[in-house]
Every structure is written in C-alpha cells, then in structure tokens.
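Undergrad: I have a structure I would like to understand better, so I am pasting it below and will then ask my questions one at a time.
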Amino acid sequence: MNKSKRTINQMFLIMIIFYITLLLMISSVACYYSYRQKEEQIFSTMDMALAHMDQEYANILENFWQAYMPIYENNSTIYKTFQNYFVFQETEDLTPLEKRDLMTALNQMRVRDSRIQWIGLYSDFRKTNYILYNDNTGIKTLDQDFPYLKELQSKTNQMEIYAAKNIENAHGVSPTFAICGGKPVGMGEGKIIIGYSLADFENTSDFTIEGLPSIRYYMTAQDRLLFDSSGEYDESGVCFFDGDSEGVIEFQGQRLYSKSRLSGNNTTVISYTIARNEMIIAMLKDTPFIFSITVLFTSFSIIIHFFMNGVVKREISVIQDGLSVIADNNLDYRLPTDFKQNGLPEIAQNINEISSKLNENIKKAYYFELKQKDAQLAELQATFNPHFLYNTLEMLRSKSYANGDVETSELITQLSALFRGFINAKTFITIREELAFSNRYLTLLSARYGNMVQVSYDIPGELLNYGIIRNVFQILIENYFVHGFDAGREENYIRFSGRSLDEHAMLLSVEDNGMGMEEEELKELNEKIKAPIRHGETSYGLKNLNQRLKLFYGPDCGLTVLKGQHGGLLIQIRLLKMHVEDYEALKI
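Numbering follows this note's numbering, with no gaps: position 448 of the sequence shown is 448.
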C-alpha cells in the first residue's frame, strides 16, 4: 500500500515538474516575442519622430526661398521698398512712411510660411536695422543685443543656418533657429534673416514612451544646435554626429543607443539618443508580468489540483469511515450518496444495498433464533405438567388461608397467576392483559419491599385493546427495582401512561422517581440500546427488549430512555396499533 502511494506521489511529482517546465517554456517564448514587440514599438516610434522632423526641416528649407517671392511679385511696392533699404546707403532712421512700407513688405514675406516667427533686415551701411515679430506689434529696431547680430556681421555664404536661441517678443521668450540669406540681385548689400518656430519639432518629438524619459531628439548643423527636445539647448551635453549612423555609443560616461541621419542640404543632422539600460528595461517591461501570470497560473492550477484531490480524499474518507461504522455491526447506517466525483455515488449506493441486505439477513437469522427459543419453550411446556404446579400452589394457598394467613394466601394466588402468564403460549397479548400481568408482578415485589412504591396508570381505554408483545413491562419494572428503587425514601412511584400519536402509532411511557442517570450516562445507555446485537453476543434487559420491539414492529419503533421530571427515568416505547385478532390472522 505504501509502495503504491509512493509510486502515485512520484508520478504526480513528475507531472507537476513537466507541467511547470512546459509553462516556463511557453512564458519564455512569450517574453521573447514581447521583447521583440516592445523593441519594434520603441524603434518605430523614435524613427517615426525622426522622419517627421526630417520632413519638417526639409519643408522649412524648401519654403525659405518662397519667402522672397513677394519681392518679385509686386515690383511697384515691395521691390522698391527693399531696393531703397539696401541700395541707398542712408544712415538715418527710416521715416514713418518708409517704416510702414517696410512692415507691409515683411508681412507679405511672413505670411508665406506659418512657421516664421520673425524676419530681420540687416545692412552694414545702416546704423539702424529692423525686425518684424509675429506678435502684431509692428516693426522694431534691431538692437545691439540681438542674439544673431554677430552671425549677421560675419556671414559669408549665400545661405547659412544658425543655432537655436531664445528670442523675446510681446508673447514672451521662445527658442527659434534662424536661416540667413542674401538680398535679391541688384539691391546693393545686405542680408535677410528669418527665424523659425520650433513648435512643430517639439510636437513631433513629443511621442512619449512610458518608461523612457531619457529619449532626446536633436537637430544640428556644423556644431550648431538647432533643436533639443529636452529644451536645455546646452551644446556641451549634446553628441554631434557627422552623418548617418546607428548603434551603441559611449558619451559622458553613459552607454547610449543613437541613430542619426543627414537632412535638408546634407549639412544638417537629425538624431536621437536613449539610455541603453533604460531601453532594455522598457523592452523587458512585460516580462515580470508574464512570469507573474505564469507563476499565478501554475499556483492556481496546483491549488485547484490539491483542492480537487482533497475533495476526492474527503469523499473517499467518508466512504472509508462509513465502512468502519458498518464493520462495527452498525448495519442500519447508510452512506450518503451526494458525492461530487463520478462513480462514488454508485459505489456508496452499492455498499448501502449490500449493508441493507446483510442487515435483513441478520434480522431474519435473529427472528429464526427467537422462533427456535419459542419452540424450545413450547417443548418445555409440553414436557412439564402445569396442572401439578397449579394444584400444589392451590393446596398451599388453601392451607395458608385455613391457618388464617390471608396475606400469604393472596401472594400464592398472584404467584400462580404469574406462572400461568409465563407458561402461556401466546407471544402477543392485549395491553390490558400485559398490565394485569405486570400488576401481579408488582404485587409480589411489594410483598418483598413493602408498600414503599406507589403504582399509577394513565392509559386511555381505547389503547388497552391494542396488542403488545408479552413481558414488556415486566422487564421495565425489574429494571426499576434493580437500578432505580430508593429504599431510603418513602415516596417512591412508578407510573404507566400512554397516548395516541396518530392513526397508526401510539406511545407508552413508564416513569419513576428513582436514582436516575446523568445526561452523559443516558446518552451512552441509548447508544448501547440502539446498537445492533452482534453475532454470538448474549443480550439482556433493555437492549434485548428494544431489539424485540424493532423486529416485531419495524425499525421506526422501539424504546428510548429519557430523564424523568423528578430525577428518575422516563422510558418511552413507540408501538404500532395492532389488534391481537389481526396478528393472529396474519400468522395463519
């Protein structure tokens, strides 16, 4: 048995290990694909932002020269305004009318591109140069603290791109990068500088990826920082790339993943960087969740298995306990059949049927044993001459009466009647006859114990004609005088009562005020009384009487011992209503 259990446990352990290994393999594959999916998502998002920035920058460069178009489209006004500004080398400030014309011309250029934040004109021969901001405040003078003044003074190429700097206007301070071009041909000497908003770049780079705060997008041109998504615009903290590249780099003590690409006129580089360890952590973000789900699912499966195994064990334990009860000769016990596991209800039902048939066979054997005893009694009666006993008792009664001993004469009369009842072949008599027989028995006992016991009867007349098996009350009376009678008390009583329960059953009671029993003793006594008589066991008294009642009337009948109202015992007997004539007819 133990070896079988060990084998089952080993098989279960192997199954658990295989199951966990399979789950780990599945979760590992899931983690791998999750890692790749996160990697693709992160790179796709950053590459998309880079592509948008590239397109945005290309559009700005393409539209830069479009801003010059109003100069050629309206020769009568704007062209002459710019020509007067750059060709005529006046050193004085412009007149209000000239300022108005210049503002109109610059507005015509500004509306060509919504990204233009300001347009400035610079001539080396003018003391005062002018700038128009996109804040509806009109044309302003180009002060000496203008951030791009040095670049304007040193410009040598036809078009130059300047780093992002903070420009202040009526709306506040915001970073812009600038593109500086020359003046139209035939207009003297000077430069036109246009500042562009970085808002579109900021919006494009604002593709937030959870768990990746270190992502930074840059736009650089020849060591000039045009855009920094972090908003810091600190060139010392920016990694400048020369062209297209991709991979892991070391920068300022950090391992960064970077990607860069040439943009626009191939002098500008757009790039992004991200902390390598941060990126790996983000790619592995779902791994703990997947493993947690795996562990949870594994634990849940194991718990479910142990739970179901426990349910099976508990139900099997119920059957085993029931078999132990039945093995103790409690054949009236029935196993429950409401089991949840398939097959167990059928097994329990089969055990109950076997137990029921076995109990029935034992009862039949006990009934045949009683019949055999009745036959032995009948044989004894046949060999014994009762008339000799009756005549002898009658002679003794007459002599006692003749000698004046009336009490002894009466006792002999009662004894003679008692013997007649014992020898009577009838096993089923009326309750009236059983009470009369019991009264004679009490009379003889009273002669022994004196008039210390009061006997009372309270049984309705309609019940007296129903039948009862013989010698029921005699056992109860004997039990009282042996175990309950208190010789030190004068007011002892034994009371016989009865009542009808329904049209089929009645309840007879015998109550006394004797020694009584404790609750635990009563419980133990009732268990012994109701326990089946085992094969070969000699049974007497209340237990034997209870078995006789159940065999005769059925399993619902029998006796129960309770605590009396005045400290003694109350013995209740449940019987079926049956007349002697009906019983005799059944015997035939």
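Cβ atoms here follow ideal geometry from the backbone N, Cα and C, with glycine treated the same way.
For a quick check, are the C-beta atoms of Gln-254 and Ala-282 less than 9 angstroms apart?
TA: Indexing the sequence shown from 1 puts residue 254 at position 254. Indexing the sequence shown from 1 puts residue 282 at position 282. No. Outside cutoff.
Undergrad: Going by alpha carbons, who is nearest to Pro-175 out of Ile-193, Gln-158, Glu-202 and Glu-189?
TA: The residue you call residue 175 lines up with position 175 of the sequence shown. Per the Cα distances, Glu-202.
Undergrad: Okay, do the region 117-129 and the region 179-191 touch, 3+ Cβ pairs below 8 angstroms being the bar?
TA: The region 117-129 vs the region 179-191: in contact.
Undergrad: Measure the C-alpha to C-alpha separation of Leu-559 and Val-580 and round it to an integer number of angstroms.
TA: For the purposes of this step, residue 559 is taken as the residue at position 559 of the sequence shown. For the purposes of this step, residue 580 is taken as the residue at position 580 of the sequence shown. Leu-559 and Val-580: Cα-Cα distance of roughly 21 angstroms.
Undergrad: Lys-140 bridges to which residues according to DSSP?
TA: As a position in the sequence shown, residue 140 is number 140, starting the count at 1. Bridge partners of Lys-140: Ile-131.
Undergrad: Please state the DSSP three-state secondary structure of Ser-260.
TA: Reading the sequence shown from its first residue, position 260 is the one you call residue 260. Three-state DSSP puts Ser-260 in a strand.
Undergrad: Could you tell me the alpha carbon to alpha carbon distance between Glu-232 and Thr-273, rounded to whole angstroms?
TA: Mapped onto the sequence shown, residue 232 falls at position 232. Mapped onto the sequence shown, residue 273 falls at position 273. Annotation: Glu-232 to Thr-273 spans about 15 angstroms, alpha carbon to alpha carbon.
Undergrad: Once you ignore the five residues that flank Arg-112 on each side, which residues in its own chain have a CB closer than 8 angstroms to its CB?
TA: Locating residue 112 in the sequence shown gives position 112, counting from the first residue. Here the set comprises Asn-63, Gln-66, Ala-67, Met-69 and Pro-70.
Undergrad: Just to confirm, are Leu-102 and Tyr-85 a CB contact at a threshold of 9 angstroms?
TA: Residue 102 sits at position 102 when you count from the first residue of the sequence shown. Residue 85 sits at position 85 when you count from the first residue of the sequence shown. In contact: Leu-102 and Tyr-85 (Cβ atoms closer than 9 angstroms).
Undergrad: Roughly how many whole angstroms lie between the Cα atoms of Asn-465 and Ser-509?
TA: Along the sequence shown, read from residue 1 onward, the residue named residue 465 stands at position 465. Along the sequence shown, read from residue 1 onward, the residue named residue 509 stands at position 509. Between Asn-465 and Ser-509, the C-alpha separation is close to 17 angstroms.
Undergrad: Identify every run of the alpha helix (DSSP H) within the region 254-333, keeping only runs that are complete inside it and at least 4 residues long; order them along the chain.
TA: 276-283 and 286-327
Undergrad: So, under 8 angstroms CB-CB, Arg-100 and Asn-134 are touching, yes? Tell me the CB distance rounded to an integer number of Å.
TA: Numbered from its first residue, the sequence shown carries residue 100 at position 100. Numbered from its first residue, the sequence shown carries residue 134 at position 134. Going by Cβ atoms, the distance from Arg-100 to Asn-134 rounds to 18 angstroms, so no, they are not a contact pair.
Undergrad: In whole angstroms, give me the CA-to-CA distance for Pro-213 and Ser-44.
TA: In the sequence shown, residue 213 corresponds to position 213, counting from 1. In the sequence shown, residue 44 corresponds to position 44, counting from 1. Straight-line Cα distance between these residues: approximately 17 angstroms.
Undergrad: Counting pairs of beta carbons, one from the region 481-491 and one from the region 506-524, are three or more of them closer than 8 angstroms?
TA: When C-beta atoms of the region 481-491 are compared with those of the region 506-524, three or more pairs fall below 8 angstroms, so the two segments count as touching.
Undergrad: For Gln-117, which residues of its own chain have a beta-carbon under 6 angstroms away from its beta-carbon, when the five flanking residues on both sides are left out?
TA: As a working note, residue 117 is residue 117 in the sequence shown. Contacts found: Asn-134, Thr-176, Gly-195 and Ser-197.
Undergrad: Taking the straight line between their C-alpha atoms, what separation do you get for Leu-344 and Pro-532?
TA: Within the sequence shown, numbered from 1, the residue matching residue 344 stands at position 344. Within the sequence shown, numbered from 1, the residue matching residue 532 stands at position 532. Cα to Cα, the separation comes out at about 27 angstroms.
Undergrad: Name the residue from Asn-129, Tyr-583, Leu-61 and Val-238 whose alpha carbon lies nearest to the alpha carbon of Glu-250.
TA: As a position in the sequence shown, residue 250 is number 250, starting the count at 1. Of the candidates Asn-129, Tyr-583, Leu-61 and Val-238, the one whose C-alpha sits nearest the C-alpha of Glu-250 is Val-238.
Undergrad: Any idea what DSSP makes of Phe-227, helix, strand or coil?
TA: Looking up residue 227 in the sequence shown gives position 227. Phe-227 carries a strand assignment under DSSP once its states are collapsed to helix, strand and coil.
Undergrad: Can you list, in chain order, the residues of its chain with a C-beta nearer than 8 angstroms to that of Ile-131? Leave out the 5 residues immediately preceding and following it.
TA: Sequence index remark: in the sequence shown, residue 131 carries index 131 (1-based). Taken in chain order, the residues that qualify are Trp-118, Ile-119, Gly-120, Leu-121, Ile-139, Lys-140, Thr-141, Leu-142 and Phe-146.
Undergrad: Looking at the structure shown, is Met-53 part of a helix, part of a strand, or coil, going by DSSP?
TA: In the sequence shown, counting from the first residue as 1, residue 53 sits at position 53. Three-state DSSP puts Met-53 in a helix.
Undergrad: Please name the residue in Leu-562, Ile-351 and Tyr-493 whose C-alpha comes closest to that of Glu-595.
TA: Since the displayed the chain opens at 1 and closes at 588, residue 595 lies outside it and no answer follows.
Undergrad: Going by DSSP, what residue range makes up the beta strand (DSSP E) through Tyr-217?
TA: Position 217 of the sequence shown, counting from 1, holds the residue named residue 217. Here the beta strand (DSSP E) through Tyr-217 covers 216-221.
Undergrad: If you drop the 5 nearest sequence neighbours on each side, which residues of the same chain put their C-beta closer than 7 angstroms to that of Leu-61?
TA: Here the question's residue 61 lines up with position 61 in the sequence shown. Around Leu-61: Gly-264 and Asn-265.
Undergrad: List the endpoints of the continuous beta strand (DSSP E) containing Glu-160.
TA: The residue labelled residue 160 in the question sits at position 160 within the sequence shown. Residues 159-169.
Undergrad: Count the other CB atoms within 10 Å of the CB of Leu-335; is the residue buried (16 or more) or exposed (fewer)?
TA: As a working note, residue 335 is residue 335 in the sequence shown. So Leu-335 ends up on the buried side.
Undergrad: Helix, strand or coil for Gly-558, going by three-state DSSP, please let me know.
TA: Residue numbering aside, residue 558 sits at position 558 when the sequence shown is read from its first letter. Here Gly-558 sits in strand by DSSP.
Undergrad: For Lys-340, which residues does DSSP report across the bridge?
TA: Here residue 340 corresponds to residue number 340 of the sequence shown, with the count starting at 1. Looking at the DSSP output, Lys-340 shares a beta bridge with no other residue.
Undergrad: Can you check whether the C-beta of Lys-99 is within less than 9 angstroms of a C-beta belonging to chain D?
TA: Checking the listed chains, one finds no chain D in this structure; it contains a single protein chain.
Undergrad: Express the C-alpha separation of Tyr-218 and Thr-590 in angstroms, rounding to a whole number.
TA: Outside the modelled stretch of the chain, which goes from 1 to 588, sits residue 590, for which no answer is possible.
Undergrad: Within 10 angstroms of its Cβ, does Asn-622 collect 16 or more other Cβ (buried), or is it exposed?
TA: Nothing about residue 622 can be read from this structure; the chain reaches only from 1 to 588.
Undergrad: Are at least three pairs of beta-carbons, each pair with one atom in the region 281-296 and one in the region 27-39, less than 8 angstroms apart?
TA: With a cut-off of 8 angstroms, the region 27-39 and the region 281-296 count as touching, because enough Cβ pairs lie within range.
Undergrad: Secondary structure at Asn-451, three-state DSSP: helix, strand or coil?
TA: Stepping through the sequence shown from its first residue, residue 451 is reached at position 451. It is coil, neither helix nor strand.
Undergrad: Taking the C-alpha atoms as reference points, what is the distance between Gln-153 and Gln-252?
TA: To locate residue 153, count along the sequence shown from 1; it is residue 153. To locate residue 252, count along the sequence shown from 1; it is residue 252. The straight-line gap from Cα to Cα measures roughly 35 angstroms.
Undergrad: Straight-line CA distance for Phe-18 to Thr-298?
TA: Reading the sequence shown from its first residue, position 18 is the one you call residue 18. Reading the sequence shown from its first residue, position 298 is the one you call residue 298. One C-alpha to the other measures close to 12 angstroms.
Undergrad: Out of Asn-451, Asp-486 and Ile-431, point me to the one whose CA is closest to Ile-459's CA.
TA: Translated into the one-based positions of the sequence shown, residue 459 becomes position 459. When each option's Cα is compared against that of Ile-459, the closest is Ile-431.
Undergrad: If you measure between the beta carbons of Ser-236 and Ser-205, is that distance less than 9 angstroms?
TA: Locating residue 236 in the sequence shown gives position 236, where the first residue counts as 1. Locating residue 205 in the sequence shown gives position 205, where the first residue counts as 1. No.
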